Amino acid sequence: MKIRLISKPLVTKSTISKPNIVPRVVELMSKPVLKFTPSSIYCPAAGIHIDPWRPVDRAIITHAHSDHARPGCRHYLAHKDSESILRLRLGEDISLQTVEYGKKFQINGISFSLHPAGHIVGSAQVRVEDKGEVWVASGDYKLQDDGFSKPFEPVKCDVFISESTFGLPIYKWPEQEIVMNDIREWWLQNRIQNKASILMGYSLGKMQRLINNLQPFDGPVYAHGATFNLNERLRAAGFNLPFIPLITRDTDKKLFRGALILAPGSVLNTSWIKKFEPYSTGYCSGWMAVRGAKNRKAIDRGFVLSDHADWNDLDTAIAECGAQKIYVTHGYTHTYARWLNEKGIEAAEVKTMYGQNEDITEEEIIEP
Amino acid sequence: MKRFTELFLQLDRTNKTNEKVGLLKGYFLSAPEEDKIWALALFTGRRPPRKIKSSQVQEWALELAGIPHWLFRESYGSVGDLAETVSLILPPPSETGEEKSLAQWFNTLAGLKDADDLEKKSFILNAWKQLSSFEIFVFNKLLMGSFRIGVSQTLVTRAIADIAASTPAIISHRLMGGWDPAVVSYKELIHSENAGDEFSKPYPFYLSYAIQGTVDELGKADGWFAEWKWDGIRSQIIFRNNDIYIWSRGEELITDKFPELLVLKDHLPEGTALDGELICFGETKPLSFNVLQTRIGRKNLTKKILEDAPAAFISYDIMEYQGRDIRNEEQQKRRTILENIVSAVNIPAVFKLSPLISFRDWNELKALHLRAREFAAEGFMLKHKQAQYLSGRKKGNWWKWKTDPLSIDAVLVYAQKGSGRRAELYTDYTFAVWDGDKLVPFAKAYSGLTDKEIGKVDYFIKRNTLEKFGPVRTVKPELVFEIGFEGINASSRHKSGIAVRFPRILRWRTDKGIKEADTLENLRALLNQFE
């Protein structure tokens with residue numbers, strides 16, 4: 001391990017009260033293994049931060065989405081599959097150490113390991129063990145096997161830190177194959193009418209999932225710059241993805257007739273999208289489960305496809321990890337924590353800066 | 001039901017009017033005959049009588065889904081639609097049932113009228129267990145009334161007119177009024193040559209757009225009539241077959257709410273349809289809209305209300321005269337007919353003529369426009385002297401020319417999630433002004449920001465919440481907005497002592513800090529100016 005062992009003072013007082021002692025399993029230590037600070041989820045004993053939203057000395061990154069992986073830290077540690085994207089997004093020369101899933105490493109006597117979170121490629125739950133007490137910070141996760149990222153593995157723990165992006169019972173995902181068939185059918189109908197099919201979603205995660213599952217393609221496929229860059233980056237890093245040509249100013253517009261266009265959501269309402277006329281728009285997101293969310297975006301088709309756990313899967317993940325205490329970060333934190341408490345699982349909501357709208361913050365339009 | 005649900009889904013998937021009209025035509029050409037009239041009723045906002053209380057629907061859904069009441073409320077807060085929320089929380093279908101047509105469902109529902117709660121419950125749970133999530137959504141809409149989808153009546157009218165080889169004006173006339181899908185058939189309603197045997201039917205209102213640019217661009221001033229734009233309820237008075245019908249613009253029959261107008265029965269010529277404004281009138285000039293509002297909501301109009309808020313009809317157009325549709329006559333001619341009727345009726349206390357404003361040129365009218373509020377008007381209506389009476393909102397011959405809104409800079413203090421299209425975002429805001437060192441809420445506003453601005457404000461709200469009361473969040477006072485409104489009144493019901501009419505966000509004053517927002521004093525000054 002190349003991580004330096006400097007004991008650092010805590011950034012500020014924790015905003016969370018001490019975990020209550022629940023007699024039914026083991027007594028949690030009086031000093032929490034992980035704390036919630038104004039900058040991160042922090043492990044005081046190891047002096048290391050998980051997914052900090054302010055620059056820190058040493059950070060473990062659960063996955064490469066911009067609300068979890070932020071620039072400016074001196075040292076990063078992440079799963080090896082995150083490396084290529086982290087370097088692309090945070091800088092080629094960042095100090096980054098990578099590990100495999102399941103491999104234990106020690107920092108200041110605290111034992112750490114990363115485990116598949118199933119969210120996107122390289123996404124990890126961080127397991128932290130101090131004197132036999134185990135905490136897991138899960139970042140973002142889903143239980144559905146998307147066919148591209150390593151599927152979620154439950155990790156037994158005493159305290160589980162869970163997202164709750166879709167922590168309402170209205171969010172229940174259909175089978176992935178049903179959604180992929182809907183997309184194929186939509187593309188087919190558009191091909192019959194000579195329309196382009198503009199399929200939108202996050203560049204990192206959603207697009208690889210779509211590319212991987214829609215193969216073999218029923219027609220020509222083109223990529224927006226943001227999608228293209230990530231696809232090429234992952235291909236260069238050895239991932240099994242097909243080459244998808246980039247759309248440039250010079251691409252012959254006739255080629256778009258009947259083609260599938262992969263693009264980030266930020267292209268909606270821009271002039272970029274006009275070159276595909278006539279076209280139909282489709283958007284892949286868990287939010288599409290609600291009609292209002294689709295109508296608000298003024299898109300033609302919403303496909304319910306999410307890289308987060310749905311309502312049932314949140315419950316399943318929490319049951320399987322066996323934790324006696326749950327901290328609920330971003331999403332419907334208040335609601336979901338209350339639901340857990342009423343079911344007899346001790347839970348508290350935590351304020352973090354995760355789960356911000358990537359549409360706005362991340363997906364700039366790139367047109368080389 | 002599958003067929004109708006499919007139509008609904010397809011309509012939901014396109015924003016293009018032509019495609020929507022195409023889908024509607026496809027449906028009405030091929031749907032089972034008995035279903036068409038029900039679909040038409042739903043598309044034109046005719047609620048089938050509600051058979052089951054929405055509170056019961058909710059309760060049974062909770063039971064089947066196994067979630068507590070508060071969680072349902074949170075879910076509803078995010079979805080913004082009760083029928084949809086229920087369809088999303090229910091488990092996937094567990095039984096297979098026989099496909100029923102739309103009409104069959106309605107007939108079965110009608111049979112539930114006298115059923116007890118237990119029978120109703122078992123019927124509904126049974127239906128839920130058989131239907132897919134989307135079908136449940138549509139089914140719930142049928143159960144609870146209020147079926148709104150992204151299709152305007154104009155589009156439905158266009159589609160029907162096309163397939164019936166008729167015109168939109170005729171079809172929209174036939175679609176108006178109080179027909180009941182359980183009684184009338186699609187064929188009778190749409191294809192019957194004798195559409196006139198329903199005496200109550202109003203004409204579609206001619207609605208105007210706000211004038212763009214300046215009045216000078218309208219050409220010669222002497223080609224135009226100008227009238228005050230009244231701030232009341234736009235309505236039609238129909239007198240046919242010795243009966244009087246008063247319709248509001250929302251196609252609501254409001255005859256009972258205005259008993260003082262029944263006297264017109266004895267004076268109007270048979271076969272008359274008038275367009276005008278219902279308004280409360282003091283001795284000499286109109287009272288504020290607030291006064292009118294006090295009577296609209298009441299079930300029982302007491303003697304006191306009738307005395308305090310006496311209503312009158314200010315007429316400004318006539319669509320039917322002596323049983324003949326005269327909408328194609330020129331404005332000038334219709335006006336003359338109207339003037340004759342008003343003077344013949346001669347009951348000025350309740351039946352008035354909207355006066356024409358005399359002006360030599362546009363400049364003279366512009367000067368008068370600035371004083372509209374003194375006359376308790378919202379501005380002017382400009383009507384071309386040769387204008388025909390058209391259906392719906394049309395440009396060209398009628399324009400509304402409103403006074404500039406009153407405005408005030410206020411601080412965002414509470415926020416609530418929107419509904420429907422904006423269910424996930426905080427879009428409903430409450431604004432406050434300073435009273436000493438305290439912020440006093442004075443107005444709620446929903447509209448006026450761009451989607452991008454809404455996104456930013458939503459982002460701010462989610463990170464600057466001080467407290468939560470159910471769905472309402474108290475927000476850290478930091479953002480300042482310019483709030484425009486059409487009218488201002490004293491109000492004992494509001495904490496600020498002031499009620500504003502049609503408040504909306506004019507712009508986000510990112511250049512202003514909260515200390516620069518207006519005060520209650522400023523609001524009171526506006527009140528004194530305009531009351």
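Just so you know, the protein sequences line up as chains A and B, in that order. Residue 1 is where the first sequence starts when you use my numbering, and the numbers rise one by one after that. Residue 1 is where the second sequence starts when you use my numbering, and the numbers rise one by one after that. Beta carbons are placed, not taken as given, at the ideal position from N, Cα and C, and that holds for glycine. These numbers were taken from a predicted model, which means no experiment stands behind them.
Exercise for review: Flag this pair as yes or no: are the beta carbons of W228/B and F375/B separated by less than 8 Å?
Suggested key: Between W228/B and F375/B, the C-beta gap is smaller than 8 Å, which places the two residues in contact.
**Study point:** Reduced DSSP category for H115/A - H, G, I as helix; E, B as strand; rest coil
**Key:** Strand, per DSSP.
**Study point:** Best match in I273/A, Q106/A and S40/A for proximity to D51/A [C-alpha to C-alpha]
**Key:** Of all alpha-carbon atoms in I273/A, Q106/A and S40/A, the one lying nearest the alpha-carbon of D51/A is that of S40/A.
Practice item. Can you tell me which of the three DSSP states V22/A falls into? Key: Model confidence at V22/A stands at a pLDDT of 40, short of 50, so the residue's coordinates are unreliable; what they give is reported in the following sentence. V22/A falls in the coil class under three-state DSSP.
Check your understanding: Which bits of chain A does T548/B rub up against, with CB to CB less than 8 Å?
Key -> This structure does not reach residue 548/B, given that chain B is present from 1 up to 531, and the question cannot be answered.
Check your understanding: At a CB-CB cut-off below 8 Å, which residues of chain B make contact with L168/A?
Key -> Chain order gives the chain B residues near L168/A as L71, E74, S75 and S78, where near means a beta carbon separation below 8 Å.
Check your understanding: To the nearest whole angstrom, what separates the beta carbons of N229/A and G147/A, a pair I think is in contact under 8 Å?
Key -> About 22 Å separates the two Cβ atoms, so there is no contact after all.
Review point. Cα separation between H384/B and E277/A?
Key: Taking the straight line from one Cα to the other gives about 40 Å.
Check your understanding: Is the stretch 96-105 of chain A touching the stretch 70-85 of chain A, taking contact as three or more C-beta pairs under 8 Å?
Key -> Remark: three or more beta-carbon pairs, one from each stretch, lie closer than 8 Å, so the stretch 96-105 of chain A and the stretch 70-85 of chain A are flagged as touching.
Review point. Using 8 Å as the Cβ pair cut-off and three pairs as the minimum, do the stretch 263-275 of chain B and the stretch 474-493 of chain B touch?
Key: With the cut-off at 8 Å, the stretch 263-275 of chain B and the stretch 474-493 of chain B do not touch.
Exercise for review: With a 10 Å radius around its C-beta and 16 neighbouring C-beta atoms as the bar for buried, classify P92/B as buried or exposed.
Suggested key: P92/B should be labelled exposed.
Practice item. For K254/A, count neighbouring Cβ atoms within 10 angstroms of its own Cβ and tell me buried if that reaches 16, exposed if not. Key: K254/A comes out exposed.
Exercise for review: Give the DSSP bridge partners of E135/B, in chain order.
Suggested key: Bridge partners of E135/B: none, in fact.
Check your understanding: Which chain A residues are close to A182/B, counting only those with a beta carbon under 8 Å from its beta carbon?
Key -> Those do not exist, as A182/B stays about 28 Å from chain A at its closest Cβ, beyond 8 Å.
Check your understanding: Which whole runs of the beta strand (DSSP E) in the stretch 322-402 of chain B are 3 residues long or more, in chain order?
Key -> The beta strand (DSSP E) runs lying completely inside the stretch 322-402 of chain B and spanning 3 residues or more are 351-353, 377-384 and 392-402, given in chain order.
Point to revise | Residues of its chain near I454/B, where Cβ-Cβ distance is below 7 Å and the 5 sequence neighbours each way are ignored | key: Answer for I454/B: L425 and T427, listed in chain order.
Point to revise | Option in C284/A, I85/A and Y354/A with minimal Cα separation from L234/A | key: Comparing Cα-Cα distances from L234/A to each of C284/A, I85/A and Y354/A, the minimum goes to I85/A.
Point to revise | Sequence-distant residues of its chain with Cβ nearer than 6 Å to R257/A (five each side left out) | key: A distance below 6 Å between beta-carbons, with the five flanking residues on each side excluded, links R257/A to the following residues of its chain, in chain order: N194.
Review point. Beta-carbon of A65/B versus every beta-carbon of chain A: anything under 8 Å?
Key: It does; some Cβ of chain A falls within 8 Å.
Review point. Skipping 5 residues on each side, what residues in its chain have a beta carbon closer than 6 Å to that of K294/A?
Key: Result list for K294/A: M288 and G302, in chain order.
Review point. For the stretch 79-90 of chain B, which residues have a beta carbon sitting closer than 7 Å to at least one beta carbon of chain A?
Key: The residues in question are V79, G80, E84, T85, L88 and I89.
Practice item. Mark Y209/B as exposed unless 16 or more other C-beta atoms lie within 10 angstroms of its C-beta, in which case mark it buried. Key: Here Y209/B is exposed. Its C-beta has fewer than 16 other C-beta atoms within 10 Å.
Check your understanding: Under 8 Å between the Cβ atoms of P55/A and C43/A?
Key -> Using a Cβ distance threshold of 8 Å, P55/A and C43/A do not count as a contacting pair.
Practice item. Starting from the Cα of C284/A, find the closest Cα among W186/A, G331/A and V328/A and give me that residue. Key: Among W186/A, G331/A and V328/A, the Cα nearest to that of C284/A belongs to W186/A.
Practice item. Grab me the residues of Y76/B's own chain with a C-beta within less than 6 Å of its C-beta, minus the 5 sequence neighbours each way, in chain order. Key: Closer than 6 Å at Cβ, skipping near neighbours: T85.
Review point. Considering only residues of the same chain and omitting the five flanking positions on each side of S288/B, which have a CB-CB separation below 6 Å?
Key: Around S288/B: N489.
Practice item. Express the C-alpha separation of K274/A and H68/A in angstroms, rounding to a whole number. Key: If I take the Cα positions, the gap works out to 33 Å.
Practice item. Can you grab the Cα-Cα spacing for the pair A311/B / S354/B, in whole Å? Key: Using only the alpha carbons, I get a separation of about 15 Å.
Practice item. Ignoring anything shorter than 3 residues or poking outside the stretch 114-164 of chain A, list the beta strand (DSSP E) runs there in chain order. Key: Counting only runs of 3 or more, we get 124-130, 133-137 and 159-164.
Practice item. Specify the secondary structure class of A348/A as computed by DSSP and reduced to three states. Key: Note: A348/A maps to strand in three-state DSSP.
Exercise for review: Can you check DSSP and say which residues form a bridge with S271/A?
Suggested key: Paired residues: none, contrary to the question.
Practice item. Assign I178/A to buried or exposed, taking buried as 16 or more other Cβ atoms, counted over all protein chains shown, within 10 Å of its Cβ. Key: It is exposed - the Cβ of I178/A has fewer than 16 other Cβ atoms within 10 Å.
Point to revise | Validate contact between the stretch 429-436 of chain B and the stretch 397-412 of chain B using beta carbons, cut 8 Å, 3 pairs | key: In the pairwise beta carbon analysis, the stretch 429-436 of chain B is classified as touching the stretch 397-412 of chain B: at least three pairs are separated by under 8 Å.
Check your understanding: Taking the alpha-carbon positions, what's the Y446/B to E521/B distance?
Key -> So the two alpha carbons sit approximately 24 Å from each other.
Review point. Which of helix, strand or coil does DSSP assign to C280/B?
Key: Under the three-state reduction of DSSP output, C280/B falls in the strand class.
Exercise for review: Could you list the residues in the stretch 435-455 of chain B with a C-beta less than 9 Å from some C-beta on chain A, going in chain order?
Suggested key: Listed by position along the chain: D451, K452 and G455.
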